[in-house]
Amino acid sequence: MASIDSAVARGSRVYVDRPGFTARHAKTLAATRSALFSLFVAAALVFAVELIVRQSMADTLAYMLDPTRPALTTVGAFFLMLLAVDGIFGREHKSAVVIAPLAIIPAVVCQQKQVFLSDPLYPTDFLFGRQIMELMPVLVKDRPWTAVGIVVGLIAAVAAIGLLLRYAWRNFPKLTRRERIARAAFALPLLFAFWHIMDYNQFSWIRDRLKVIPIMWDQTENYKHNGFALAFAINLPMANVSAPAGYMADAIDRIPVKPLPAGTSHRGKPDVIVLMSESFWDPTRLPNVKLSPDPMPTIREMQSGNVFSPEFGGMTANVEFEALTGFSNAFLPYGSIPYQQYIRNPIPSLATFFRGEGYVSRAIHPFQSWFWNRTAVYKAFGFDTFKSEENMPPMQKRGIFASDESLTHEIIRQADAMDDPFFFFAVTLQGHGPYEANRYAKNTIKVEGNLPESDRQVLETYAQGIKEADESLKKLMDWAKKRDRETIIVLFGDHLPPLNTVYTSTGFMKGVTAERKGSKDQMKAQHETPLVVWSNQTGPRKNVGTISPAFLSYQILKQSGYEHPYYTGFLGKVHDQYRVVDRYMLIRRNGKEVAEWSRQPKVPALLRDYRFLQHDMMFGDRFSTDRFFKSHADLFASAAETH
40 MASIDSAVAR
50 GSRVYVDRPG
60 FTARHAKTLA
70 ATRSALFSLF
80 VAAALVFAVE
90 LIVRQSMADT
100 LAYMLDPTRP
110 ALTTVGAFFL
120 MLLAVDGIFG
130 REHKSAVVIA
140 PLAIIPAVVC
150 QQKQVFLSDP
160 LYPTDFLFGR
170 QIMELMPVLV
180 KDRPWTAVGI
190 VVGLIAAVAA
200 IGLLLRYAWR
210 NFPKLTRRER
220 IARAAFALPL
230 LFAFWHIMDY
240 NQFSWIRDRL
250 KVIPIMWDQT
260 ENYKHNGFAL
270 AFAINLPMAN
280 VSAPAGYMAD
290 AIDRIPVKPL
300 PAGTSHRGKP
310 DVIVLMSESF
320 WDPTRLPNVK
330 LSPDPMPTIR
340 EMQSGNVFSP
350 EFGGMTANVE
360 FEALTGFSNA
370 FLPYGSIPYQ
380 QYIRNPIPSL
390 ATFFRGEGYV
400 SRAIHPFQSW
410 FWNRTAVYKA
420 FGFDTFKSEE
430 NMPPMQKRGI
440 FASDESLTHE
450 IIRQADAMDD
460 PFFFFAVTLQ
470 GHGPYEANRY
480 AKNTIKVEGN
490 LPESDRQVLE
500 TYAQGIKEAD
510 ESLKKLMDWA
520 KKRDRETIIV
530 LFGDHLPPLN
540 TVYTSTGFMK
550 GVTAERKGSK
560 DQMKAQHETP
570 LVVWSNQTGP
580 RKNVGTISPA
590 FLSYQILKQS
600 GYEHPYYTGF
610 LGKVHDQYRV
620 VDRYMLIRRN
630 GKEVAEWSRQ
640 PKVPALLRDY
650 RFLQHDMMFG
660 DRFSTDRFFK
670 SHADLFASAA
680 ETH
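Quick note: the sequence shown uses this note's numbering, first residue 40, plus one each step.
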């Protein structure tokens with residue numbers, strides 16, 4: 040008997056026939072090897088993604104080897120995706136060339152985001168990709184070699200992916216029709232089932248067994264425990280806001296409403312100017328450095344209190360959302376951006392309130408109108424007009440941003456042209472980071488202390504911007520003092536600035552970004568920004584304390600002499616008990632904090648009702664319109680007709 044090996048050719052493969060080794064066995068062995076290789080690629084991708092995001096070999100190994108964390112589940116999900124994509128393309132392992140960039144690139148973006156902000160990458164971040172591109176010139180100027188490296192890396196990556204795809208199509212083994220169907224039939228149902236159990240709003244016994252634990256109230260821990268890929272996937276449904284338990288018409292009807300007088304309570308209609316100052320903060324809070332002279336003498340003299348910002352270093356729109364609506368980010372999914380996701384229909388705001396009182400309501404911002412979706416949002420909020428970079432006179436710049444001084448002159452010009460009472464909401468731009476060394480012709484604030492030269496330059500640039508913002512406020516107040524009509528000016532910072540290593544060099548923080556959870560003192564230090572509430576007739580309103588941005592509407596209307604069922608009535612009740620409503624912490628009127636309040640079995644009734652009203656007007660059936668927002672109802676109807 041001949042013992043010569045014979046070849047059995049099938050498709051593009053050759054199977055070798057030896058004694059006891061049939062073509063079927065050879066095919067089984069080849070399929071097993073292919074599956075094992077795909078499993079290896081899946082594990083390698085998960086490891087690479089976690090290493091990029093965590094920037095620590097020890098943390099990455101701990102994640103991969105910890106049986107209480109879902110590393111194996113993640114590898115399994117990647118394995119199924121590789122099989123499914125192979126079945127679609129009809130080539131063995133071509134999926135690796137497709138899926139690897141889709142996994143690696145978001146991981147790199149996540150790592151870079153964490154350098155500047157304290158949060159990882161969320162699916163909603165891609166909603167404002169255009170904003171990031173618009174800010175690229177200043178980022179390039181601040182870190183030119185990093186920008187060059189990124190561009191070169193992207194070009195090289197695109198070229199490499201193109202060449203690999205071409206090589207894979209020409210050289211990777213072709214799958215038979217039966218093999219393609221087998222891969223798809225195995226992988227797709229499992230992927231569908233896996234996706235179905237990832238909805239964090241629903242309990243899943245299988246998900247628990249797979250060690251996947253949605254930790255939506257603490258996204259840092261969510262990404263740490265579940266890994267980047269699974270945590271990112273868990274956050275995909277965050278745009279779908281479910282109704283809080285117990286929400287219904289009867290629940291809204293049971294919320295008491297105190298009868299309030301209509302209109303002003305004791306004087307004529309004052310003009311109101313609210314300034315949200317970009318990244319405005321008190322840099323003299325930094326330890327181990329001395330700034331001279333004081334960069335903010337006017338604001339220090341006039342300061343009413345502080346705003347407890349829910350953000351750090353960015354996400355201005357979330358602070359703006361609270362300030363204008365009196366609603367809270369604490370009741371929304373972590374990482375969500377109301378301006379991008381939820382504001383699709385008219386909702387109550389200070390703009391609709393003042394319009395209902397016969398005011399001209401105008402938004403002013405010296406940047407492009409699409410930024411943060413402001414054109415659509417301001418329309419939904421009921422502003423008469425939005426004055427942006429496109430329809431305002433050219434302004435002087437500080438770096439690439441419009442100066443506070445130039446914006447102040449424009450506000451005064453527009454105000455002087457008004458006959459009717461007006462409500463202006465202006466968002467400044469000059470204070471935006473990064474804080475390049477040559478933004479100003481001359482820095483007049485001296486920084487003393489043991490700092491690296493690069494940090495000293497950053498702090499000097501930032502402090503000079505604070506000085507000019509302070510001078511601009513003084514100029515606005517001096518103009519208001521000459522007016523006969525009462526003029527109320529409110530200024531607050533939206534969040535702390537992204538000063539990067541200045542924070543660690545001075546010892547202000549352990550890292551370059553603020554903590555999302557911590558003690559009351561730690562959180563106040565890392566989230567408080569100055570607040571001024573001032574009238575040209577009565578001077579500054581003092582002893583406001585530290586408040587959430589959502590309570591600014593209450594302070595503004597009380598200062599203006601107005602009463603309102605929601606903004607001074609219901610929100611006033613909340614303010615009487617809680618000065619800060621943050622998703623992780625409450626701060627009571629007496630200064631005591633309540634940590635992890637939203638995780639307690641029973642939420643305080645007042646906060647439950649607060650959430651009911653917010654959900655009702657943003658997502659629900661608006662049962663509360665007649666009782667709490669009656670003066671807004673006609674504006675809702677007219678705005679809805681134009682949407």
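Using N, Cα and C, we set each Cβ at its ideal position, and we do this for glycine too.
Item	Value
Outcome for E429 when other beta-carbon atoms lying within 10 angstroms are tallied against a minimum of 16	exposed
Assumed close pair Q150, V92 - CB separation to whole angstroms, cut-off 8 Å	6 Å
Helix, strand or coil at V416 according to DSSP, with G and I counted as helix	helix
Outcome for I245 when other beta-carbon atoms lying within 10 angstroms are tallied against a minimum of 16	exposed
Local conformation of N265 per DSSP, three classes	helix
For I626, the three-state DSSP class (helix, strand or coil)	strand
Three-state secondary structure assigned by DSSP to M237	coil
Segments of 4+ residues assigned as alpha helix (DSSP H) that fall wholly inside the segment 393 to 449	413 to 420
N-terminal and C-terminal residue of the alpha helix (DSSP H) that N357 is part of	T355 to T364
Range of the contiguous alpha helix (DSSP H) that encloses T581	Residue 581 is actually Lys in this sequence, not Thr. Run containing K581: none; DSSP gives neither H nor E here.
Residue environment, H235, which counts as buried when at least 16 other CB atoms sit within 10 Å	exposed
Reference D443, options G550, M315, F118 and D621, closest by Cα	M315
From F370, V280 and S343, residue whose alpha carbon lies closest to that of R580	S343
Beta-carbon gap between Y398 and F464 smaller than 8 Å	no
CA-to-CA distance, G611 to G365, given in whole angstroms	11 Å
Short Cβ contact (8 Å threshold) for A146 with F117	no
Buried versus exposed, by CB contacts within 10 Å (16 or more), P385	buried
For Y102, the residue or residues it bridges with in DSSP	Y102 pairs with nothing; no bridge assigned.
Distance, D247 Cα to D238 Cα	12 Å
Rounded straight-line distance, which links the Cα of E492 to that of A186	22 Å
Residue range of the beta strand (DSSP E) that includes Y617	Y617 to V620
Close Cβ partners of T303 (< 7 Å) along its chain, the five nearest in sequence each way excluded	For T303, the predicted model reports a pLDDT of 47, less than 50, meaning its position is unreliable; a value from the coordinates is still stated below. Hits under 7 Å: G600 and Y601.
Residues of its chain near R650, where Cβ-Cβ distance is below 7 Å and the 5 sequence neighbours each way are ignored	P283 and F370
Reduced DSSP secondary structure (H/G/I, E/B, other) of V251	coil
Short CB-CB distance (under 8 Å) between E475 and chain E	This model lacks chain E altogether; it includes just one protein chain.
Cβ separation of H471 and E317, assumed to be a contact under 8 Å, to the nearest whole Å	5 Å
For L591 and T568, believed in contact at Cβ under 8 Å, the rounded distance	In fact, because the Cβ distance is near 12 Å, the residues do not count as touching under 8 Å.
Three-state secondary structure (DSSP) of S304	The pLDDT assigned to S304 is 47, lower than 50, so where the model puts this residue is not dependable; a value taken from the coordinates is nonetheless given after this. Correct three-state label for S304: coil.
G488, DSSP secondary structure in three states	strand
For H404, the nearest candidate out of L468, Q453 and L570 (CA to CA)	L468
Check whether P298 and E525 have beta carbons under 8 Å apart	no
Beta strand (DSSP E) runs contained entirely in the segment 451 to 515, provided each spans 3 or more residues	461 to 466 and 485 to 488
Candidates L512, I451 and S544, of which the one nearest V497 by Cα	S544
Nearest candidate by alpha-carbon position, reference D621, set N368, G374, P109 and A270	N368
Short Cβ contact (8 Å threshold) for M656 with S663	yes
Which of helix, strand or coil DSSP assigns to G285	coil
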